[in-house]
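Participant: Structure below; questions to follow.
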Amino acid sequence: MCGIIGYIGKENSVPYLVSGLKKLEYRGYDSAGIALHTEKGIEVLKATGRVCNLEKAIGEKEFNSCLGIGHTRWATHGDVSQCNAHPHLSYKGTFAVVHNGIIENYAALRDKLKDEGYAFVSDTDTEVAAHLLERDYNGSLISSLINTVKKLEGSFAFAILCKDLPDTLILIKKESPLIIGKSNEGFLVASDMNALSPFAVETVKMADGEIALVKKDSVSFFD
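Those letters in the sequence shown? Residues 25 to 247, by our numbering.
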């Protein structure tokens, strides 16, 4: 069991992410983390154990971020460690990814990426997806996302940040659930309706095979 939370809007994303992660705790997990789009680029904070450990890691740091993603992980590939906790960064830090589901052909994809010179810092299938996103990224976001998805076998719900897109939260859904909620201050996304309350005033469940680009005041869906 694991959970996804994301926020894009007018306010600081950190309180929304932490609140959402706490609402996902009942699902069971062994680590938690967040990735924030800031003026410095994408910043990642992760901790093993409870969400309260992540809160300690965040501490009194002041982040100027209106866009972020978070995750509670239950180990499937790799042991319980900070390196294996989500979010995962791509090789050059272009993308940050959180993922629910299992990429069944990750081992073959991982070997191919290693042959091409990609280095891995985790044992997860999710890091494979992050590196593939970066490798396939050609400046045309949607076509790049589709090229990556075509290579993946299994189930996945992705929430993604791109360093080049400080105004966009990227979502991809196949079999694992993703729900988008509209609040008065922006949009939230979660794998579980509980994480959207009490903020969301409207919600929509993504369909299998959909990609969504979420901005502060709009959502665009792609097949």
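No residue lacks a Cβ here, since even glycine has one placed at the ideal position from N, Cα and C.
Helix, strand or coil, according to DSSP, for residue 9 in the structure here?
Facilitator: Only positions 25 to 247 of the chain appear in the structure, and residue 9 is not among them; the question remains open.
Participant: Which residue's Cα is closest to the Cα of residue 130: 219, 36, 178, 51?
Facilitator: Your numbering for residue 130 matches position 106 in the sequence shown. Out of 219, 36, 178, 51, 178 has the C-alpha closest to the C-alpha of residue 130.
Participant: Going by alpha carbons, who is nearest to residue 241 out of 91, 49, 28, 83?
Facilitator: Within the sequence shown, residue 241 is the residue found at index 217, counting from 1. For the set 91, 49, 28, 83, the Cα lying nearest the Cα of residue 241 is the one of 91.
Participant: Beta-carbon separation of residue 112 and residue 28 under 9 angstroms?
Facilitator: Residue 112 sits at position 88 when you count from the first residue of the sequence shown. Residue 28 sits at position 4 when you count from the first residue of the sequence shown. No. Outside cutoff.
Participant: Take the Cβ of residue 158 as the centre, count every other Cβ of all protein chains shown within 10 Å, and call the residue buried at 16 or more, exposed below.
Facilitator: Numbered from its first residue, the sequence shown carries residue 158 at position 134. Counting Cβ neighbours within 10 Å, residue 158 comes out buried, since at least 16 surround it.
Participant: Report the residue from 80, 211, 199, 53 whose alpha carbon sits nearest the alpha carbon of residue 222.
Facilitator: For the purposes of this step, residue 222 is taken as the residue at position 198 of the sequence shown. When each option's Cα is compared against that of residue 222, the closest is 211.
Participant: Could you tell me which uninterrupted beta strand (DSSP E) segments, each at least 3 residues in length, are contained entirely in the segment 69-122, listed from first to last along the chain?
Facilitator: 91-97
Participant: Per DSSP, residue 236 forms a beta bridge with which residues?
Facilitator: The count along the sequence shown starts at 1 and reaches residue 236 at position 212. Partner(s): 195, 245.
Participant: Starting from residue 31, follow the alpha helix (DSSP H) in both directions and report where the run begins and ends.
Facilitator: For this step, residue 31 is matched to residue 7 along the sequence shown. Note, residue 31: premise wrong, no alpha helix (DSSP H); beta strand (DSSP E) at 27-33.
Participant: Quick check: the Cα distance between residue 41 and residue 58, rounded to an integer number of angstroms?
Facilitator: Counted from its first residue, the sequence shown places residue 41 at position 17. Counted from its first residue, the sequence shown places residue 58 at position 34. For residue 41 and residue 58, the distance between alpha carbons rounds to 7 angstroms.
Participant: Would residue 229 and residue 201 be called neighbours here (beta carbons separated by less than 9 angstroms)?
Facilitator: Against the sequence shown, residue 229 aligns to sequence position 205. Against the sequence shown, residue 201 aligns to sequence position 177. Contact flag set, yes.
Participant: So what's residue 171 in DSSP terms, helix, strand or just coil?
Facilitator: As a working mapping, residue 171 is identified with position 147 in the sequence shown. Note: residue 171 maps to helix in three-state DSSP.
Participant: Residue 46 to residue 224, Cα distance in whole Å?
Facilitator: On the sequence shown, residue 46 is found 22 positions in, with the first residue counted as 1. On the sequence shown, residue 224 is found 200 positions in, with the first residue counted as 1. Computed Cα separation, rounded: 16 angstroms.
Participant: How many Å lie between residue 87 and residue 37 at the Cα?
Facilitator: Here residue 87 corresponds to residue number 63 of the sequence shown, with the count starting at 1. Here residue 37 corresponds to residue number 13 of the sequence shown, with the count starting at 1. C-alpha separation (whole angstroms): 9 angstroms.
Participant: Which residue marks the beginning of the alpha helix (DSSP H) containing residue 153, and which one marks its end?
Facilitator: The residue you call residue 153 lines up with position 129 of the sequence shown. It spans 149-160 - the alpha helix (DSSP H) in which residue 153 sits, taken as one unbroken run.
Participant: Compute the Euclidean distance between the alpha carbons of residue 79 and residue 138, then round it to the nearest angstrom.
Facilitator: Taking the first residue of the sequence shown as 1, we reach residue 79 at position 55. Taking the first residue of the sequence shown as 1, we reach residue 138 at position 114. So the alpha carbons of these two residues sit roughly 34 angstroms apart.
Participant: How close, in whole Å, do the beta carbons of residue 72 and residue 109 come, if the pair is a contact with beta carbons under 8 angstroms?
Facilitator: Translated into the one-based positions of the sequence shown, residue 72 becomes position 48. Translated into the one-based positions of the sequence shown, residue 109 becomes position 85. Indeed they touch by this definition, with Cβ atoms about 7 angstroms apart.
Participant: Return the first residue and the last residue of the beta strand (DSSP E) that residue 55 is part of.
Facilitator: Looking up residue 55 in the sequence shown gives position 31. Where residue 55 is concerned, the enclosing beta strand (DSSP E) stretches over 55-62.
Participant: Any heavy atom of the ligand GDP closer than 8 angstroms to the CB of residue 30?
Facilitator: The ligand GDP is not part of this structure, which contains no ligands at all.
Participant: Residue 44 lies in the beta strand (DSSP E); which residues open and close that run?
Facilitator: For the purposes of this step, residue 44 is taken as residue 20 along the sequence shown, with counting starting at 1. First-last for residue 44: 37-47, but that is the alpha helix (DSSP H), not the beta strand (DSSP E).
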